[in-house]
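Student: As you go down the protein sequences, you meet chains A and B in turn. Counting in my numbering, the first sequence runs from 1 upward without gaps. Counting in my numbering, the second sequence runs from 1 upward without gaps. Backbone N, C-alpha and C define an ideal beta-carbon position, used for all residues, glycine too. Here the structure is a predicted model, which is why all the values come from computation and not from measurement. Have a look at the structure that comes next, please.
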Amino acid sequence: MRTLHLTLFILATAWANQLQAQKTVSFTGAARSAVNNNTFNTQDSIPDTSTVMRNTTGYALIDLGVNIRPNKHTEILGMFRIRNQYGGFWGAGVGFDVRQLWLKGIVANAVRYQLGDLNLKQTPFTLYNHHADRPDSMPDVFLLQQRIVDYERFYSRNTWRQQGLQADFGLSFAKLVKEVDFNGYLTRLRASNLADIPDRLMGGVTVDVLQSKHLALSWNGFSVFDVRGTAADTNRMDNRVQTFGLTYAGNIAGGQLLIKGESGTSKLAFSNAAGLTSLQDYFIYVSGKLLFPTKHLSLEAGYMNIGPDFRSIGAQSKDINYQNSGGLFNRYANGNSLRAPALLELMGNEQVYQTSVSSSLMPAAQEFNAVLPYGTATFNRLGGFAGLRYAHPSGFSVDLKHHQLREIRGQGTLSLKAFQQTKAHFLLDIAKLSGTRKGKKLRFGIERQSVNRSSNIAFETVDFNRWRLSAGAEVEVFKKIDLLFGMVQQQSKGADFIPDRDEYSRVSFLNRTSYQNKQQLLAGGIRCRFEGNTYFTAFYQQQVNKKPSEGTPDYQIRQFSLIYNMNF
Amino acid sequence: MNTSRFTTIAALLLLSLAGCRKEQVFDGPSLEDLNKSFALLQPFAANKDSVAFGNKELVTFTAKFNKTVQWHIHIRGSASKAHKVISGQGNEIAAPAGIWNGSTTYFPMFTEEPCTATLRIDGLSDSFSLPVKITSVKKNPGLLLSDFENGINSMWRRFVQSGASMDLATKQDSLAPQGNGYLNMAGTVSWDWLTVMLDIPAIPYGGAVLPLNSNPDAVYFNCLIYGVPNTNPSLVLFQFKEDDNKDGNFNSNTEDQYDLQVNVNWSGWKLVSVKYSDIISLSNGQPTTPKGDSKHNPDKISVISMLHLADPKGGFANTKVDYLCFTSTPLEP
């Protein structure tokens, strides 16, 4: 297979060289080299003698894409990846893969299409990658790691990577409405094994109606379904979501008013599930934003009502798989404790991140997001939110947002949980404030989440709190040479009932779980910026995790990394 | 502008009508129920006290509780120390969740021996036990290549590199996960990855090719592999060589070879069970295109090579294998 890839690559490159002279070919891609030296340390009553406490990993890779435009209506991109793992075992370190392959064009100057790899999103309730657990406003030393994750997993503005076809076209009108745009896609989530697993397809259609410069309406249809006849098994899944969207923009009281709303229904059905007919529900989400550009201020308030049985595979898939520890010190305490993803993995380990949507409801992590674990598409939430953003051009900005929510249907009791989430983030651009040319940025953030349930029965009481503090600095000490510092500290305390769910996402058991977890991630390093998007960075980071879960010992990971990254 | 405002306000009013809701049901089991004191409504029992798994008999455990619990039945063999765990949740134990077919969770496999089944309930210190005697052990239908009870088949071809502490022999001791014997592969080879190798021809199994189903989705290759702690990591490579043209010989340039590369990065025994159609061709550990008809033909396998590999820089490497077999579904040992 590698020989085939190599031959294809050489042929494509030779052809590309030929076409380069005709200005119909361009090259695109990226190169990266990374080395990580990791040290693990744990304190347990029984000395850990079986965990390998140090390791060094690294790789060099190049992504070379050939962008071909054989005519003015067609564009083709093929991207190859050559990756060399440092110190690979039994020749297993060298990889040669096709990373991207797509073709797009226009038919009859009216219909645009794309075949192959697609980066797709619709609306936050149909198909959308919420990145729900990512800390907001991350310090740069973590942001550069997060950008590598985004590149590796094809995350681009809340998209999911799929393979299939997409087409769109638009119609313009003289009266009543200005424009109607149609957009549709069909992809394959899973291939049949020709025995007991059927083909699973995912499709969506969006119709956008632009009535005027003030009002736009939309209809969105989303579906994931198993194709009848592609396997002997008859338990076929079918998830359908239909939503209507509204956007209003107008002027009011010296400012601009922007109202966005979406409402719809969902149905999740299995053709042969014992005791389950289907899960059906509806949702309503409305937000209003007042913008005062001259005062550099925007205010936001909204209402959400997401039904307890609202299920949308495309919008409720998590980007992080908490059942995957990411390959770094997976087991410790003499192999007795599985290490779950911590802040270190959240910031920069692409191994725990998913590329595609998941057909089954993925487990959430209470420590990272107890309030909206599936983003705004989190089911069983009712309440409101309000926010404020002030961004002065002199270099100071502040973002505040608060969610006040409750359950619609209780879990194990009629008493309902209340959820609160408050976030505040501050940015000081000292270079702008002081008028100096060298960049200096300071970031601070504070977030609090709480889950409470009061009940006459003491056992049902829930009281969970999570605090997260973040701070970061980016200081340009010499031209294009930055010192980077970052800190995230997170503390989870209290107890909650964490549901076990069956394969149809219904609650089957409730586990009372106590949290006394404290995590801290400290990082510091240097970055040299070259032309374009090229940089070299060396940084050290340290993860401390105290009481990761009940009965698991504390641990500490120290990591020194060297990364050279180039996009071209 | 007026139309837009009217539409927006109308839509918002419509949405607010559906605004508040609170349901008079709840998800999952009742917390009140979960929190009440545990009581056994029907005692923990088995439908038989001696069982012949070899005759396809099963044991069904039953019990009833006054509330939903997470329960675990631990069955331990008194002689073999085999350990089976059956877990579930609910307010009763019954078929199918409470059925034991003679399989094991933690090696070794069960032998003909008295066993003790113990019911444990999460959050409860008490446990409930009962005896079950195995009169014949579970049979795993399929093609058994070897369980190493009687040494290495004399028709298998051996290769041992020049090196230090080389071993390619069967052992009979308490470490065996099945029966009494297993195969030990070990050695230090400072100049090559390969330490020892065995060629398993089809001839001892009745013909020029192995007697397997032609459907690669209905053939599973299984083996038990032991990772020795604190040694140079081993890699066990199985090469399945197909005689595509049925001329009685395997030609590596014109016929398919599929490779299963197992990186032994664990300690203790572990079951490796892989569907034949999922096994790909490798060249130096990397996927490559098969050189024959590129179809998985388990009914054309003429030779299986088993190689023990280890990084020459790493020093002594050791692993053990047992119970090489093909089945139609993943092996449940």
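In whole angstroms, what separates the C-alpha of residue 596 of chain A from that of residue 39 of chain B?
Tutor: Missing from the structure shown is residue 596 of chain A; chain A here goes from 1 to 568 and no further.
Student: Counting only runs of 3+ residues fully inside the stretch 404 to 465 of chain A, write out the beta strand (DSSP E) ranges in chain order.
Tutor: Segments of the beta strand (DSSP E) lying fully in the stretch 404 to 465 of chain A: 418 to 429 and 440 to 453.
Student: Can you tell me which of the three DSSP states residue 140 of chain A falls into?
Tutor: The sequence position of residue 140 of chain A within the first sequence is 140, counting from 1. Here residue 140 of chain A sits in helix by DSSP.
Student: Taking 8 Å as the threshold, find out whether the stretch 257 to 270 of chain A comes into contact with the stretch 330 to 337 of chain A through three or more Cβ pairs.
Tutor: No, because fewer than three Cβ pairs between the stretch 257 to 270 of chain A and the stretch 330 to 337 of chain A fall closer than 8 Å, the two stretches do not touch.
Student: Relative to the alpha-carbon of residue 389 of chain A, which residue among A/279, A/399 and A/127 has its alpha-carbon at the smallest distance?
Tutor: By 1-based counting over the first sequence, the position of residue 389 of chain A is 389. The candidate whose alpha carbon is nearest that of residue 389 of chain A is A/399.
Student: Would you mind stating whether residue 466 of chain A and residue 489 of chain A have Cβ atoms separated by less than 8 Å?
Tutor: Within the first sequence, residue 466 of chain A is the residue found at index 466, counting from 1. Within the first sequence, residue 489 of chain A is the residue found at index 489, counting from 1. For residue 466 of chain A and residue 489 of chain A, no; Cβs fall outside 8 Å.
Student: Of all the residues that make up the stretch 497 to 526 of chain A, which are near chain B by a beta-carbon distance shorter than 8 Å?
Tutor: Answer set for the stretch 497 to 526 of chain A: 497, 499, 500, 506, 507, 508, 509 and 510.
Student: Give a yes or no on whether the C-beta atoms belonging to residue 108 of chain B and residue 172 of chain B are separated by under 8 Å.
Tutor: Here residue 108 of chain B is taken as the residue at index 108 of the second sequence, counted from 1. Here residue 172 of chain B is taken as the residue at index 172 of the second sequence, counted from 1. No, the pair does not count as a contact, with Cβ atoms beyond the cut-off.
Student: Going straight from the alpha carbon of residue 350 of chain A to that of residue 550 of chain A, what length do you get?
Tutor: Start at 1 with the first residue of the first sequence, and residue 350 of chain A comes out as number 350. Start at 1 with the first residue of the first sequence, and residue 550 of chain A comes out as number 550. Each residue's Cα considered, the two are about 27 Å apart.
Student: Flag residue 622 of chain A as yes if its beta-carbon sits less than 8 Å from any beta-carbon of chain B, otherwise no.
Tutor: Nothing about residue 622 of chain A can be reported from this structure: the residues present for chain A run from 1 to 568 only.
Student: Would you identify the three-state DSSP class for residue 157 of chain A, choosing helix, strand or coil?
Tutor: For the purposes of this step, residue 157 of chain A is taken as the residue at position 157 of the first sequence. The answer is coil: DSSP assigns residue 157 of chain A none of H, G, I, E or B.
Student: Does residue 320 of chain B pass the burial test, meaning 16 or more other C-beta atoms within 10 Å, or should it be called exposed?
Tutor: Counting from 1 along the second sequence, the entry for residue 320 of chain B is found at position 320. When all chains shown are included, residue 320 of chain B counts as buried.
Student: Within 8 Å of any Cβ in chain A, is that where the Cβ of residue 316 of chain B sits?
Tutor: As a working note, residue 316 of chain B is residue 316 in the second sequence. No, because no Cβ of chain A sits closer than 8 Å to the Cβ of residue 316 of chain B.
Student: Please check the pair residue 212 of chain B and residue 298 of chain B, which I expect to be a contact at CB under 8 Å, by giving their CB distance rounded to whole angstroms.
Tutor: Taking the second sequence and counting its residues from 1, one reaches residue 212 of chain B at position 212. Taking the second sequence and counting its residues from 1, one reaches residue 298 of chain B at position 298. Going by Cβ atoms, the distance from residue 212 of chain B to residue 298 of chain B rounds to 4 Å, so yes, they are a contact pair.
Student: Using a beta-carbon distance below 8 Å, is residue 159 of chain B in contact with chain A?
Tutor: Start at 1 with the first residue of the second sequence, and residue 159 of chain B comes out as number 159. Answer no: the Cβ-Cβ gap between residue 159 of chain B and chain A never drops below 8 Å.
Student: Between the stretch 453 to 464 of chain A and chain B, which residues of the former have a C-beta closer than 8 Å to a C-beta of the latter?
Tutor: For the stretch 453 to 464 of chain A, which is checked against every Cβ of chain B, the residues closer than 8 Å are 457, 459 and 460.
Student: DSSP three-state label for residue 259 of chain A, please.
Tutor: Counting from 1 along the first sequence, the entry for residue 259 of chain A is found at position 259. Three-state result, residue 259 of chain A: strand.
Student: Looking at residue 320 of chain A and residue 353 of chain A, is the spacing between their C-beta atoms short of 8 Å?
Tutor: As a working mapping, residue 353 of chain A is identified with position 353 in the first sequence. As a working mapping, residue 320 of chain A is identified with position 320 in the first sequence. In this structure, residue 320 of chain A lies closer than 8 Å to residue 353 of chain A by Cβ.
Student: Within its chain, find whatever has a CB closer than 7 Å to the CB of residue 204 of chain B; leave out the 5 residues flanking it on each side and keep chain order.
Tutor: Translated into positions along the second sequence, residue 204 of chain B becomes position 204. These residues qualify, in order along the chain: 153 and 155.
Student: Which term fits residue 367 of chain A, buried or exposed, when burial requires 16 or more other beta carbons within 10 angstroms of its beta carbon?
Tutor: Counted from its first residue, the first sequence places residue 367 of chain A at position 367. Its Cβ being crowded by 16 or more others within 10 Å, residue 367 of chain A is buried.
Student: Starting from residue 411 of chain A, find everything on chain B with Cβ-Cβ shorter than 9 Å and list it in chain order.
Tutor: Within the first sequence, residue 411 of chain A is the residue found at index 411, counting from 1. The contacting residues are 26, 27, 28 and 31.
Student: I need the DSSP call for residue 33 of chain B, collapsed to helix, strand or coil.
Tutor: For this step, residue 33 of chain B is matched to residue 33 along the second sequence. Residue 33 of chain B: helix per DSSP, three-state reduction.
Student: Among the residues of its own chain, which have a CB less than 6 Å from the CB of residue 558 of chain A, if the five just before and after it don't count?
Tutor: Counting from 1 along the first sequence, the entry for residue 558 of chain A is found at position 558. Around residue 558 of chain A: 39 and 542.
Student: Under 9 Å Cβ-Cβ, which residues of chain B neighbour residue 430 of chain A?
Tutor: Counting from one through the first sequence, the residue named residue 430 of chain A turns up at place 430. Chain B residues near residue 430 of chain A: none, gap ~42 Å exceeds 9 Å.
Student: Which partner residues of residue 540 of chain A appear in the DSSP bridge assignment?
Tutor: Counting from one through the first sequence, the residue named residue 540 of chain A turns up at place 540. DSSP output for residue 540 of chain A lists A/524 and A/560 as bridge partner(s).
Student: Mind checking which residues open and close the beta strand (DSSP E) that includes residue 166 of chain B?
Tutor: In the second sequence, the residue the question calls residue 166 of chain B occupies position 166. Its beta strand (DSSP E) spans residues 164 to 172.
Student: Using CA coordinates, which residue listed in A/547, A/152, A/527 and A/548 is at the minimum distance from residue 539 of chain A?
Tutor: Taking the first residue of the first sequence as position 1, residue 539 of chain A is located at position 539. Ranking A/547, A/152, A/527 and A/548 by Cα distance to residue 539 of chain A puts A/527 first.
Student: Would you say the stretch 278 to 286 of chain B touches the stretch 186 to 194 of chain B, given that touching needs at least three Cβ pairs under 8 Å?
Tutor: Result no; under three Cβ-Cβ pairs closer than 8 Å.
Student: Under three-state DSSP, which class holds residue 277 of chain B?
Tutor: As a working note, residue 277 of chain B is residue 277 in the second sequence. DSSP places residue 277 of chain B in helix when its eight states are reduced to three.
Student: The alpha helix (DSSP H) spanning residue 345 of chain A covers which residue range?
Tutor: Here residue 345 of chain A refers to the residue found at position 345 of the first sequence. From DSSP, the alpha helix (DSSP H) with residue 345 of chain A extends over 343 to 348.
Student: Going along the chain, which residues of its own chain have a beta-carbon closer than 7 Å to the beta-carbon of residue 413 of chain A, five neighbours each way excluded?
Tutor: Here residue 413 of chain A refers to the residue found at position 413 when the first sequence is read from its first residue. Correct list, in chain order: 455 and 460.
Student: Name the residue from B/45, B/143 and B/161 whose alpha carbon lies nearest to the alpha carbon of residue 317 of chain B.
Tutor: Taking the first residue of the second sequence as 1, we reach residue 317 of chain B at position 317. Per the Cα distances, B/161.
Student: Could you pull out every residue in the same chain whose Cβ sits closer than 8 Å to the Cβ of residue 122 of chain A, ignoring the five residues on either side in sequence?
Tutor: Translated into positions along the first sequence, residue 122 of chain A becomes position 122. Cβ within range, chain order: 128, 204, 206, 220, 222 and 314.
Student: Using a Cβ-Cβ distance cut-off of 8 Å, determine whether residue 372 of chain A contacts chain B.
Tutor: The sequence position of residue 372 of chain A within the first sequence is 372, counting from 1. For residue 372 of chain A, the answer is no, since every Cβ of chain B falls outside 8 Å of its Cβ.
Student: What does the Cβ neighbour count give for residue 184 of chain B, buried or exposed, with the cut at 16 atoms within 10 Å?
Tutor: What you label residue 184 of chain B is simply residue 184 of the second sequence in a count that begins at 1. Buried, because 16 or more other Cβ atoms sit within 10 Å of the Cβ of residue 184 of chain B.
Student: Can you list, in chain order, the residues of the stretch 385 to 415 of chain A whose Cβ is nearer than 8 Å to any Cβ on chain B?
Tutor: Under the 8 Å Cβ criterion, the stretch 385 to 415 of chain A contributes 408, 409, 410, 411, 412, 413 and 414.
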